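**Student:** Protein chains in written order, with my numbering: chain R, -3 to 304; chain W, 88 to 151.
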Amino acid sequence: MSPAPVTAPLPSMAAEWRDFFALTKPRVMTLVIFTGLCGLLAAPGHINPVLGFTAILCIAVGAGGAAALNQWWEADLDAGMKRTQHRPVPAGRVQRSSARDFGFGLSGASVMIMGLANGLLPAVILAFSIFYYAWIYTVWLKPRTPQNIVIGGGAGAFPPMIGWIAVTHDVTLMPILLFLIIFVWTPPHFWALALFVQIDYAKVGIPMMPVVAGERSTRHQILGYAVLLLPLTVVPWWLGYTGKVYGLSAVALGLVFVWLSARVGLRRPLAEGDTMKPEKRLFAYSILYLFVLFAMLVVDHAATGLGF
Amino acid sequence: MSQPLTPAELAAFRARQKSRSRALGVVLVALAMLFFAITIVKIKGASDARHHESPAAGLSQQAR
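#1: Residue 1/R CB to nearest chain W CB: under 9 Å?
#2: Excluding the 5 residues flanking residue 161/R on each side, which residues of the same chain have their C-beta closer than 7 Å to its C-beta?
#3: Is there contact here, the region 21 to 29 of chain R with the region 98 to 105 of chain R, by at least three beta-carbon pairs under 8 Å?
#4: Between residue 154/R and residue 108/R, what straight-line distance do the alpha-carbon atoms span, to the nearest angstrom?
#5: Identify which residue in 47/R, 37/R, 34/R and 41/R has its Cα closest to the Cα of residue 131/W.
#6: Smallest Cα separation from residue 18/R: which of 37/R, 31/R and 87/R?
#7: Quick check on residue 127/W - is its C-beta less than 9 Å from some C-beta in chain R?
#8: Can you tell me whether residue 245/R is buried or exposed, with buried defined as 16 or more other CB within 10 angstroms of its CB?
#9: Can you give the Cα-Cα distance for residue 112/W and residue 31/R, rounded to whole angstroms?
#10: Output the distance between the C-alpha atoms of residue 139/W and residue 129/W, rounded to the nearest integer angstrom.
#11: Quick one: grab the DSSP three-state call for residue 142/R.
#12: Going along the chain, which residues of its own chain have a beta-carbon closer than 7 Å to the beta-carbon of residue 249/R, five neighbours each way excluded?
#13: So what does DSSP say about residue 76/R, is it helix, strand or coil?
#14: Consult DSSP for residue 204/R and reduce its assignment to one of helix, strand or coil.
#15: Got a sec: is the Cβ-Cβ distance from residue 100/R to anything in chain C below 9 Å?
#16: Please report the distance separating the alpha-carbon of residue 164/R from that of residue 115/R.
#17: Would a check of beta-carbon distances place residue 201/W closer than 9 Å to chain R?
#18: Determine, for residue 44/R, whether the minimum Cβ-Cβ distance to residues of chain W falls below 9 Å.
#19: Along chain W, which residues have their Cβ under 9 Å away from the Cβ of residue 20/R?
#20: Put residue 185/R into one of helix, strand or coil per three-state DSSP.
#21: So residue 117/R contacts chain W; which residues on that side make the cut at Cβ distance below 9 Å?
#22: Of all Cβ atoms in chain R, is any one closer than 9 Å to the Cβ of residue 115/W?
#23: Within 10 angstroms of its Cβ, does residue 152/R collect 16 or more other Cβ (buried), or is it exposed?
#24: Helix, strand or coil for residue 96/W, going by three-state DSSP, please let me know.
#25: Taking 9 Å as the CB-CB cut-off, is residue 55/R touching chain W?
#26: Just to make sure I have the definition right: I need the residues of chain R whose C-beta is within less than 7 Å of the C-beta of residue 110/W. Which are they?
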């Protein structure tokens, strides 16, 4: 399989470093770095700060490499959507082959350095997470099934797991729970966005849930995943992996998430010119939710360490 | 055939090239520092582990 032919104009100028930096999707990377760091800080045990820093750097660079490979593959789709047409490749600021080489370079370097600094297990999981995003999600699932986001959500769920395993060097239930939390959080987060940009997806033929199954079904599924997420986030507390600081925060944050999802999920058919306020509010809150939930995991770990 | 660049375009082209080279230089220096730090940590870790395994070896080294 090879990428579709280039339709974007060739760059007449050398790309700036900022263009290459943009290929790594720095905004998405913020969440990746944060959840990876929280996984690392909340894990039982000790890691040398230099090796901890290296682990987070590798998680970030690996995610950046996967993002560059995603933009190399999807340059033509990106060119057809308002939200993505200004990205470096469709805008013609970076050549498509440069994006590909940059992506492979970052991915390879991050896995190699992770292996040297933190051992084989986190390096193998990092390599698999890059493969998962760049191939399983981007190439295979995204153009084929409306469940793309559900399964593809796994790609963004690896960072806290890798952070945790960089400390413990062991795959236990807790890093798998952290993985599952982000996995179940992704569909309501992304479908809230897809509801207000669905025209774009339809235009380029990506089978996003609102395009294929319709708005009503998508809204119900958003609510379903939000309801599933609430007990899932409480499981670490229930199993004794965390204390009540995390547990009570997870309950409070989850209830708000379910409330905002219910306002989206149970909405009646929209009037023409609707500004999609509940959907935009849910999308914004879902980002805040994940930041605060993972921050609470670290606060809880610190509080337990101090004897609270 | 492509048109030759005007002096203004050439200057902009060189400026972009320069900024990219500078960024690459910073990344390479940072990588060298990171590898140095990782090496020191690994050597220290290995030496600490050896001392834990045979405390006598550590004591005899201290005596020297």
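All C-beta atoms in this analysis are idealised placements derived from N, C-alpha and C, irrespective of residue type, glycine included. None of these values were measured; they are calculated from a predicted model.
**Tutor:** So, to answer that:
#1: Reliability of the predicted coordinates at residue 1/R is poor, the pLDDT of 46 falling under 50, and no value is obtained from them.
#2: 117, 118, 121, 167 and 171
#3: no
#4: 17 Å
#5: 47/R
#6: 87/R
#7: yes
#8: buried
#9: 29 Å
#10: 15 Å
#11: coil
#12: 285, 288 and 289
#13: coil
#14: coil
#15: Checking the listed chains, one finds no chain C in this structure; the protein chains it contains are R and W.
#16: 11 Å
#17: What is shown of chain W runs 88 to 151, which leaves residue 201/W out entirely.
#18: yes
#19: Neighbours of residue 20/R on chain W: none; closest Cβ ~13 Å, over 9 Å.
#20: helix
#21: Those do not exist, as residue 117/R stays about 17 Å from chain W at its closest Cβ, beyond 9 Å.
#22: no
#23: buried
#24: helix
#25: no
#26: 13
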